[in-house]
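**Q**
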Amino acid sequence: MTPLGDPRRARIAGGLGLLVLLAIAGGVALMVARDPDHRVARARDALDAHDLAAAEAEYRRALALDPAHLGALEGLGWTYLLAGQRAAARSSFERCVDLDDRAPGCLRGLAAVAMAEGDMARARQLLRRGMEVAPDDPGIQSSMGLLELASGEVDSAASRYESLVARFPDRAEYAVGLVEARLQQGRLDEALALVDEALAQEGTPRRYVATLHLLRARVLVASVAGRVDPERCAETAPPLLAWLDSAEESVAASQATGVAMPQVAVVRRSVGRARGLIEDACPGGTAEAVPRTGTAPSGPDRK
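For the sequence shown, position 131 (counting from the first letter as 1) is numbered 337 according to the numbering used here, and the numbering increases by one without interruption.
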C-alpha cells in the first residue's frame, strides 16, 4: 500500500487539517475579541435594543482594549445618560472631548447632559461648537432642533427636522422631532401621519419606538380638545372617544417596549382627563357605542 493510501496517515492528515482550521477559527475569534471596533458595534446593537447593562459592558471592554476609543467613550456616555446617571455620562463625554475637542458626538453628548440639567445656555454653546466643526452632522442638527423646541423656537426646529427627515427618510428617530414640532404648531393631522409612518418602519431603536408611541397618544389627546358638542353628543362624542381608546393603546404599546419612559404617567393622566371631559359633556352611555379599533379617525387640524 502506498503512503498516500495508508488509512492511518489519512486520519492523521485529516486530523491535522481540522486542527489547522480550528486554529484559524480560534485566531479569528481572538482577533475579533481584541478588536475594540467590534466591541463598539456589539454595544451599539445592545443600546438599540435598550439593553443598557450589555451596552455598558461592551463599551467598557472596548475601552479596556483602547482607552482612547472615541466611539466607545461617546457610546458609554449615552448609555449612562439613558440610565439617568448624568455625572457618569458627563465624565465619559468630557474624557472624549479632552482627547478630541472637535468630536461632534461627544460635544452633542455634553449638550444633552446640560439640557437634562436645565442649562440651556451651556447646551446651546456646546451645540454651536459642534456645528462649527461638523455643520452637516445629523446628530448635532437633531440636538439643536430639540433645544429649539425646548426654548419655544418651534418654527426653526420644524425647519431643521424637515431637512433631516428629507435627508434620512428611513431614520425614524428624526421623525420624532418633526412630530413634536407639528404637535406644537397645531398641525395635528400631519403629526399623526408622520408618527404612523415612522412607527411602520423597521429596525428603529427601541427607545425611539417607545417615544413615538407616546407622541402618538399626545397627538390624539390634542386632537379631541374642545371638539365635543353637547348638543350633538351622539354624533361628536363616539369618534372622539375612539381616538382616546387609540391613545390608551399607544401608551400601552410604549410600555410594552420595556423602555422606562418618565412621561408615561403624565400622558396616561391626560388621556383620562380628556375622556372625563367628553363624558361629562355627554353623559348617558355614549362610550358604549365606541368601537375599540386601535386606529384613530382622521380629523381637521386645530390651528
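C-beta: ideal position from N, C-alpha, C; glycine also.
#1: For the alpha helix (DSSP H) holding leucine 278, just list the boundary residues, first then last.
#2: May I ask you to report which of helix, strand or coil DSSP gives methionine 326?
#3: Considering only the alpha carbon of each residue, which of Ala309, Cys302, Pro310 and Ser456 lies closest to serine 476?
#4: Which residues bound the alpha helix (DSSP H) around histidine 244?
#5: Give the secondary structure of glycine 345 by DSSP, where H, G and I count as helix, E and B as strand, and everything else as coil.
#6: Under 8 Å, with one C-beta from each stretch per pair, do the segment 442-458 and the segment 472-488 reach the 3-pair mark?
#7: Please name the residue, chosen from His256, Leu426 and Phe374, that lies closest to alanine 399 on a Cα-to-Cα basis.
#8: Are the segment 337-350 and the segment 367-382 touching by the rule of at least three beta carbon pairs closer than 8 Å?
#9: Taking contact to mean 3 or more Cβ pairs, one atom from each stretch, closer than 8 Å, check whether the segment 264-271 and the segment 243-253 are in contact.
#10: When the distance is taken between beta carbons, is alanine 295 closer than 8 Å to valine 319?
#11: Going by the C-beta, is arginine 377 closer than 7 Å to any heavy atom of the ligand MN?
#12: Can a CB atom of chain D be found closer than 8 Å to the CB of alanine 364?
#13: Can you tell me whether arginine 335 is buried or exposed, with buried defined as 16 or more other CB within 10 angstroms of its CB?
#14: Can you list, in chain order, the residues of its chain with a C-beta nearer than 6 Å to that of arginine 308? Leave out the 5 residues immediately preceding and following it.
#15: From this set, Glu323, Arg388, Ala278 and Ala329, which residue's C-alpha is nearest leucine 305's C-alpha?
#16: Between which two residues does the alpha helix (DSSP H) carrying aspartate 257 extend?
#17: Could you name each continuous alpha helix (DSSP H) segment of 4 residues or more that falls completely within the segment 410-473, going from the start of the chain to the end?
#18: With distances taken from CA atoms, which of Gly311, Ser369, Ala289 and Arg366 is nearest histidine 516?
#19: Nearest to glutamate 300 by alpha carbon, out of Gly315, Ala289 and Leu287?
#20: Note down, in chain order, each residue of its chain lying with its Cβ closer than 6 Å to the Cβ of alanine 231, except the 5 sequence neighbours on either side.
#21: In whole angstroms, what is the alpha-carbon distance linking leucine 394 and alanine 260?
#22: Could you pull out every residue in the same chain whose Cβ sits closer than 8 Å to the Cβ of alanine 322, ignoring the five residues on either side in sequence?
#23: Would you decide whether alanine 387 is buried or exposed? Buried here means 16 or more other CB atoms lie within 10 Å of its CB.
#24: How far does the alpha helix (DSSP H) with glutamine 390 in it reach, from first residue to last?
**A** According to the structure shown:
#1: For the sequence presented, residue 278 should be read as alanine rather than leucine. Here the alpha helix (DSSP H) through alanine 278 covers 276-288.
#2: Residue state, collapsed to three classes: helix.
#3: The candidate whose alpha carbon is nearest that of serine 476 is Ser456.
#4: Note, histidine 244: alpha helix (DSSP H), 242-254.
#5: Helix at glycine 345.
#6: Cβ pair count under 8 Å is three or more, so yes.
#7: The shortest CA-to-CA distance from alanine 399 to any of His256, Leu426 and Phe374 is the one to Leu426.
#8: Short answer: they touch.
#9: Yes, the segment 264-271 is in contact with the segment 243-253.
#10: Cβ atoms of valine 319 and alanine 295: closer than 8 Å.
#11: In terms of ligand content, the structure shown is empty, and the ligand MN therefore cannot be addressed.
#12: Among the chains in the structure shown there is no chain D, since it carries only a single protein chain.
#13: So arginine 335 ends up on the buried side.
#14: Non-local C-beta neighbours of arginine 308 in its own chain, meaning closer than 6 Å and more than five positions away in sequence, comprise Val339, ordered along the chain.
#15: The shortest C-alpha separation from leucine 305 is found at Ala278.
#16: For aspartate 257, there is no enclosing alpha helix (DSSP H), as DSSP marks it with neither H nor E.
#17: You should have 412-430 and 439-462.
#18: The requested residue 516 does not occur in the structure, where the chain is confined to residues 207 to 509.
#19: From the listed residues Gly315, Ala289 and Leu287, the smallest Cα separation to glutamate 300 is found for Gly315.
#20: Unreliable positioning characterises alanine 231 in this predicted model, as indicated by a pLDDT of 40, which lies under 50. A coordinate reading is not provided.
#21: Distance between the alpha carbons of leucine 394 and alanine 260: 38 Å.
#22: When the five nearest sequence neighbours on each side are left out, the beta carbons in the same chain lying within less than 8 Å of the beta carbon of alanine 322 are those of Leu287 and Arg292, in order along the chain.
#23: Under this definition alanine 387 is a buried residue.
#24: Residues 378-391.
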